[in-house]
Amino acid sequence: MAFKSFSLFSALALLVLLSLMSAHSVSSADTNNKKKSPDEFLKHLQGCHKGDKVKGILQLKKYLHRFGYLDYKNSKNRTHENDDDFGELLESLVKTYRLNFHANST
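Using mature numbering (1 follows the signal peptide of the UniProt record, and there is no 0), the letters of the sequence shown map in sequence onto residues -28 to -1, 1 to 78.
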């Protein structure tokens, strides 16, 4: 009888312990993975101008391509397709993007 009580107590204690551990792991994962804005990578590009070469511009080009603003396949000028150069085409696309989303030019 004592063994049966001990087994039941052990099983309940194990269940409580596991539920506490899973709740803790979920809450710590939530605090570690704070949601970032989808355009968070753009913040360090503020102030860039045509002619600049800044790490992250290629990521901006991919972002604009994903949303249909940039299509090098139909462009005659593919010079800066895979680099971090801020060219004339990109400047024009950024202006169009800003107009469509009523964004500031800063």
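Idealized CB from N, CA, C, for every residue including glycine.
So, at 6 angstroms on beta carbons, what are the nonlocal neighbours of residue 12 in its own chain, with the 5 sequence-adjacent residues on each side left out?
Position 40 of the sequence shown holds residue 12. Same-chain partners within the cutoff: there are none.
Where do the ends of the alpha helix (DSSP H) carrying residue 62 lie?
Against the sequence shown, residue 62 aligns to sequence position 90. Here the alpha helix (DSSP H) through residue 62 covers 60 to 72.
Report the three-state DSSP secondary structure of residue 33 (helix, strand or coil).
The residue you call residue 33 lines up with position 61 of the sequence shown. Correct three-state label for residue 33: helix.
6 angstroms CB neighbourhood of residue 31 in its chain, flanking five on each side removed
In the sequence shown, the residue the question calls residue 31 occupies position 59. Hits under 6 angstroms: 13.
So, under 8 angstroms CB-CB, residue 29 and residue 17 are touching, yes? Tell me the CB distance rounded to an integer number of Å.
The residue you call residue 29 lines up with position 57 of the sequence shown. The residue you call residue 17 lines up with position 45 of the sequence shown. Going by Cβ atoms, the distance from residue 29 to residue 17 rounds to 7 angstroms, so yes, they are a contact pair.
If you count every other CB in all the chains shown that lies within 10 Å of the CB of residue 39, and 16 or more means buried, which is it?
Start at 1 with the first residue of the sequence shown, and residue 39 comes out as number 67. Residue 39 is exposed by the Cβ-count criterion.
Is it buried or exposed for residue 23, if we count other Cβ within 10 angstroms and need 16 for buried?
Numbered from 1 along the sequence shown, position 51 holds the residue referred to as residue 23. Classified as exposed, residue 23 has fewer than 16 neighbouring CB atoms from the shown chains inside 10 Å of its CB.
Alpha carbon to alpha carbon, what distance is there between residue 21 and residue 63?
Within the sequence shown, numbered from 1, the residue matching residue 63 stands at position 91. Within the sequence shown, numbered from 1, the residue matching residue 21 stands at position 49. Spanning the two alpha carbons is a distance of roughly 8 angstroms.
For residue 61 and residue 7, what's the separation of their Cα atoms in angstroms?
Counted from its first residue, the sequence shown places residue 61 at position 89. Counted from its first residue, the sequence shown places residue 7 at position 35. Distance between the alpha carbons of residue 61 and residue 7: 31 angstroms.
Cα-Cα separation, residue 65 to residue 25:
Against the sequence shown, residue 65 aligns to sequence position 93. Against the sequence shown, residue 25 aligns to sequence position 53. Distance between the alpha carbons of residue 65 and residue 25 is about 17 angstroms.
On the DSSP bridge list, what partners appear for residue 25?
Against the sequence shown, residue 25 aligns to sequence position 53. For residue 25, which the question treats as bridged, DSSP gives the partners 57.
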